[in-house]
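S.K.: Position one of the sequence shown corresponds to residue 40 (the working numbering), numbered consecutively onward.
Can you read through this structure? Questions will come right after.
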Amino acid sequence: MEESNINWVLAIACLLAGVGIGALGYHLLNAGAGNVQRLRQRLAERDRQLAELRDGLGEHLERVGALAEALNRDGQALHREMAEASATLGATPPRKPDFTPTASPEAGDGEDSPAAPRDYADGNRGTLSEDFGLRRGEASTPQPPRY
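Structure, rendered in structure tokens:
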């Protein structure tokens, strides 16, 4: 072969290799762009679902509030009706219930409520001491061996 033919063959081979490397690079870079596009689409879908859930939650809370108000009105109407019926029959009127949500019977503010449990013992000797709950004379009784 002549030297000029080798130069042409080498130039064509380098051109084909460059085109191949360029196509491979474009394919790899474009695949990352496609992945980014899919992630953006999924993010937009999740944002739309979150907005729908927020709207649904707002509507649900409004409905629950309206039902609670209706329940409160019905309870007060029932109490009035019971008071009228007891007045008609000459019985003692029913006690007035407290329909406010802040009052709770578990508050424990009264003086007859039990004391809160403590997680500590009195004095310097606690419930884990060897002689807890024993009287003075019982400490001398033989104890079984501990392992």
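All C-beta atoms in this analysis are idealised placements derived from N, C-alpha and C, irrespective of residue type, glycine included.
Have a look at Gly147 and Glu101 and give me their C-alpha separation to the nearest angstrom.
M.R.: On the sequence shown, position 108 is the one that residue 147 refers to. On the sequence shown, position 62 is the one that residue 101 refers to. Unreliable positioning characterises Gly147 in this predicted model, as indicated by a pLDDT of 49, which lies under 50. The coordinate reading is nonetheless provided below. Cα-Cα distance, rounded: 32 Å.
S.K.: With respect to the alpha helix (DSSP H) encompassing Gln115, which residues constitute its N-terminal and C-terminal limits?
M.R.: Counting from 1 along the sequence shown, the entry for residue 115 is found at position 76. Where Gln115 is concerned, the enclosing alpha helix (DSSP H) stretches over Glu42 to Leu128.
S.K.: When the Cα atoms are used, what is the spatial distance from Gly54 to Ala62?
M.R.: Position 15 of the sequence shown holds residue 54. Position 23 of the sequence shown holds residue 62. At residue 54 the sequence reads Leu, which differs from the Gly that was named. Each residue's Cα considered, the two are about 12 Å apart.
S.K.: To the nearest angstrom, how far is the alpha carbon of Asn46 from that of Asn69?
M.R.: Indexing the sequence shown from 1 puts residue 46 at position 7. Indexing the sequence shown from 1 puts residue 69 at position 30. Taking the straight line joining both Cα atoms gives about 34 Å.
S.K.: Please report the distance separating the alpha-carbon of Leu82 from that of Glu108.
M.R.: As a working note, residue 82 is residue 43 in the sequence shown. As a working note, residue 108 is residue 69 in the sequence shown. So the two alpha carbons sit approximately 39 Å from each other.
S.K.: How long is the line joining the alpha carbons of Ala56 and Leu96, rounded to whole angstroms?
M.R.: Translated into the one-based positions of the sequence shown, residue 56 becomes position 17. Translated into the one-based positions of the sequence shown, residue 96 becomes position 57. Taking the straight line from one Cα to the other gives about 60 Å.
S.K.: Checking 8 Å against the spacing of the C-beta atoms, do Ala126 and Pro132 come in under that value?
M.R.: Translated into the one-based positions of the sequence shown, residue 126 becomes position 87. Translated into the one-based positions of the sequence shown, residue 132 becomes position 93. Their beta carbons are under 8 Å apart, which means Ala126 touches Pro132 by this criterion.
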